[in-house]
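Okay, so here's the structure we're looking at.
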């Protein structure tokens, strides 16, 4: 084969496309339940937009090029910078809170590997223009609800919760200047990937001879599991009055946040985990990541509050909190838990005939029935009924209408139900066939949907 | 604003995104009625794939570049070459006929103008592996059905039908060698854009001193309006026996094709029009284009049979017929005919409250009702009921549940119907609220959908 698909890109044959659309439908359904509105942004954007958000080093991960009009452009690696532009431009006229979502393809030039492709889809959900924790709670609830909608339960995933704001206060307590906080946090973001020797070495520039003592306090913070622990932890530190006040204020936000999530029925899926820092420098408040609760524990989604980004990119102030969920690890997880339905597709009804004259009648009925919203198929070649029944069997068809010459002479057709084996002669009257289909197919589909998995809590 | 959208690309705010999704839904619905299955292909492909299909000159219209792995790549300008690869690779195992469709973004580096953007969406519908005219008829029927599904009628659009096969026989009759046919057809494809002097000049290389006589016969062919005209026209030419036989065989295909389209109820939308040549060299049989019937008469969709392409690209034989419809001119037409519905989006129900304790109850109900597939929203800030009713009004809300302290003391909530002005105290029991919503909202939505436009014939 000469023209292979590029590495890290996917072709979707109908079966894979059904799976992909099942994911999209689940995302859209969750967004609808929370009344987020869908938006979309260009697939190709000025390169500058991404450099401005993430710095020059992002370029190595982009599909970027110079277009025929000498513009530096890039395939979008994420939707947030474009969202910031859309919302920022209309910051003054948009009714707040803005609750928006996007489902779109993203492109990153990375080494393809399990769970990571060069092209993938992302579900982005954001609340803009609302600084209060009620927005954060609504978003985390939407994330949990979305995963539950795919049939995933508490044993399948957890949402780990942390707080850039408290992290910064903690670093201030340790005397770190503003300028050092971001880079220290990016060290802490890589905590899991370092042994204790590497960690000390990486932290030494910030904490000098106090590094060991810092790591002790750090380990206690990392062992915090609930809000009581958290309050307890900070009251055990000898804080300056000023920092103690600011931490107390922030802990009140925590209490509200946790209590809102309790009301929203999602607190059981939440774990406090301060090892979640989220590398991206632009987060300003609560941050969270959803992980597989077993297996390799891979990340399913991540997000948090980023109150400064829209102002930085557009000059207009607009607070923001959002999350992104990718399709690749989600799909792997649903597959491994056998949570993907059977995607076999069949028409509502096939029309069978063996000669021109019967075909002409069948096609005329097809025309009518399709306009009544039925999915109708028929063989494009004239062939024997026995061949056509074989096709019905291969397609796992439920229903066919047989245009036999005997029936047609009496103005009738034969309705064959392959599920029950029943056959029924009915008048060949399109309106009547339509009414009959409503009855028979609602019976068949209610039998089939009784196998459907319920929403799992 | 620093990072503007690139020329020819679109941002979709929620309202525009609803319009776009309305188009996608209409496309998907038509495909479902005809039982086409959705597939998708990579957005980025090897440049070679497009050069192989369309020749070196295509490159000037592409967004192409060299990626970080030194691969020559291009954003897809059309889906057909990728479809040919998908189907060709599995030519031996795919059950025929293959009825597939795609909805996808395409990219062309052209001068943006009315009806033409650098990024647009296309609905591609193809039947593969079936050489008979029944496939062509099914496709044209799907095209007509799709446009009718948007409320467009016979006065709004026409499908013009022509035949590359007959064109080639006609040119053979005029003694044109194989090698000259394609280039002569590409001249004829530009017929409309030339005056008679230009036309003679362009045809001279092929027909020499017979050019005037050719143009006379050409004009008669162009005036053919129905199948009887067509038969009549060819019987009036003095054809060689061999060509006469081949034309007779082809005219039998025409008769079947027209008769199948009659059965499928779409013949009223069809016009025979031999000025449709479709420039692309790869067509081999019937070709067709759907046009606006008024206004600027712009093309809405185009397609035809291309039996050789899959073999040329993949080495595996697979006949094919397909069409593509773009979103841009379709959208313009639907707008100009006022055929776009009102896309105002609102939740099924909003929950209103003024204090923490009521909020906690409301959020708990939101959790339950969302899991029962309702779209639920509530204010993220605590605010007065009068402010909240103002929001309800702005959102043109139908229903709200009011968590007033008096009602809550009695274990009740107030259901407000903004459409009728009715208020009703109901038990605050999530299951009961769910049942109540089913009744009230089905009433509201049946009232609203009685305004919905029917399928127009």
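Chains as they are written, first to last, in the working numbering: chain A, 1 to 457; chain L, 458 to 914.
Just so you know, even glycine gets a beta-carbon here, dropped at the ideal spot from N, CA and C.
Since the model is a prediction, treat every value here as computed from it, not as a measurement.
Residue i: first and last residue of the uninterrupted beta strand (DSSP E) it sits in
i                      : result
residue 325 of chain A : 320-326
residue 109 of chain A : Segment: none, residue 109 of chain A is in no beta strand (DSSP E) and carries neither H nor E.
residue 64 of chain A  : 64-66
residue 760 of chain L : 756-762
residue 515 of chain L : Here residue 515 of chain L belongs to no beta strand (DSSP E), and DSSP marks it neither H nor E.
residue 499 of chain L : Per DSSP, residue 499 of chain L belongs to no beta strand (DSSP E) and is neither H nor E.
residue 163 of chain A : 157-163
residue 349 of chain A : 349-352
residue 529 of chain L : 529-532
Coarse secondary structure for residue i, derived from DSSP in three states
i                      : result
residue 223 of chain A : coil
residue 674 of chain L : helix
residue 446 of chain A : helix
residue 608 of chain L : coil
residue 206 of chain A : helix
residue 704 of chain L : helix
residue 488 of chain L : helix
residue 425 of chain A : strand
residue 51 of chain A  : helix
residue 559 of chain L : strand
residue 116 of chain A : strand
residue 892 of chain L : helix
residue 773 of chain L : coil
residue 851 of chain L : helix
residue 733 of chain L : coil
residue 714 of chain L : helix
residue 738 of chain L : coil
residue 126 of chain A : strand
residue 914 of chain L : Here the model assigns residue 914 of chain L a pLDDT of 36, short of 50, so the residue's position is not dependable and the matter cannot be decided.
residue 266 of chain A : coil
residue 698 of chain L : helix
residue 470 of chain L : coil
residue 181 of chain A : helix
residue 840 of chain L : coil
Residues of its chain near residue i, where Cβ-Cβ distance is below 8 Å and the 5 sequence neighbours each way are ignored
i                      : result
residue 528 of chain L : 503
residue 383 of chain A : 354
residue 164 of chain A : 185, 277, 278, 283, 284, 285, 286, 287, 304, 305
residue 369 of chain A : 349, 376, 430, 433, 434, 437
6 Å CB neighbourhood of residue i in its chain, flanking five on each side removed
i                      : result
residue 452 of chain A : Here residue 452 of chain A scores only 43 on pLDDT, less than 50, and its place in the model should not be relied on; the value that follows carries that caveat. Same-chain partners within the cutoff: there are none.
residue 541 of chain L : 766, 767, 770
residue 773 of chain L : 545, 548
residue 326 of chain A : 120, 122
Terminal residues of the alpha helix (DSSP H) in which residue i lies
i                      : result
residue 647 of chain L : From DSSP, residue 647 of chain L is part of no alpha helix (DSSP H); its letter is neither H nor E.
residue 87 of chain A  : 80-89
residue 813 of chain L : 813-828
residue 409 of chain A : 405-409
Cβ shell of residue i (< 7 Å), same chain only, five flanking positions each side left out
i                      : result
residue 427 of chain A : 411, 412
residue 335 of chain A : none
residue 718 of chain L : 594, 597, 598, 724, 727
residue 659 of chain L : 644, 651
residue 712 of chain L : 684
residue 509 of chain L : 770
Beta-ladder partner(s) of residue i, from DSSP
i                      : result
residue 416 of chain A : A:400, A:423
residue 746 of chain L : L:617, L:759
residue 834 of chain L : L:807
residue 578 of chain L : L:562
Select from the stretch 518-533 of chain L all residues with a C-beta closer than 7 Å to any C-beta belonging to chain A, and list them in chain order.
Against chain A - using a Cβ distance shorter than 7 Å - the residues of the stretch 518-533 of chain L are 520, 522, 524, 525, 528, 530.
### Interface residues of the stretch 363-383 of chain A facing chain L [CB-CB below 9 Å]
Answer set for the stretch 363-383 of chain A: 363, 364, 366, 367, 368, 369, 370, 371, 372, 373, 374, 375, 376, 377, 378, 379, 380, 381, 382.
- Message: Which residues of the stretch 26-44 of chain A have a Cβ closer than 8 Å to any Cβ of chain L? Give them in chain order.
- Response: Listed in sequence order: 29, 32, 33, 34, 35, 37, 38, 39, 40, 41, 42, 43, 44.
| request: With 9 Å as the limit, tell me which residues of the stretch 262-291 of chain A have their beta carbon closer than that to any beta carbon of chain L; keep them in chain order. | output: Residues 262, 263, 264, 265, 266.
*asked:* What are the residues in the stretch 124-139 of chain A lying within 7 Å of chain L by C-beta distance?
replied: Cβ contacts with chain L come from 130, 132, 134, 135, 138.
### Task
Could you run through the stretch 153-177 of chain A and flag, in chain order, every residue whose CB is less than 7 Å away from some CB of chain L?
Of all residues in the stretch 153-177 of chain A, none has a Cβ within less than 7 Å of some Cβ in chain L.
With 9 Å as the limit, tell me which residues of the stretch 310-331 of chain A have their beta carbon closer than that to any beta carbon of chain L; keep them in chain order. Taken in chain order, the members of the stretch 310-331 of chain A whose beta-carbon sits within less than 9 Å of a beta-carbon on chain L are 313, 314, 315.
- prompt: Can you list, in chain order, the residues of the stretch 798-813 of chain L whose Cβ is nearer than 7 Å to any Cβ on chain A?
  reply: Result list: 802, 804.
Note down, in chain order, all residues in the stretch 91-102 of chain A with a beta-carbon under 8 Å from any beta-carbon belonging to chain L.
If you check each beta-carbon in the stretch 91-102 of chain A against every beta-carbon of chain L, the ones closer than 8 Å belong to 95, 97, 99, 100.
key: Selection of the stretch 462-474 of chain L by Cβ proximity to chain A, strictly under 7 Å   = Listed by position, the residues of the stretch 462-474 of chain L near chain A (Cβ gap below 7 Å) are 462, 463, 466, 467, 468, 469, 470, 471, 474.
If you measure beta-carbon to beta-carbon, which residues of the stretch 397-418 of chain A are closer than 9 Å to chain L? Taking 9 Å as the cut-off between beta carbons, none of the residues of the stretch 397-418 of chain A comes near chain L.
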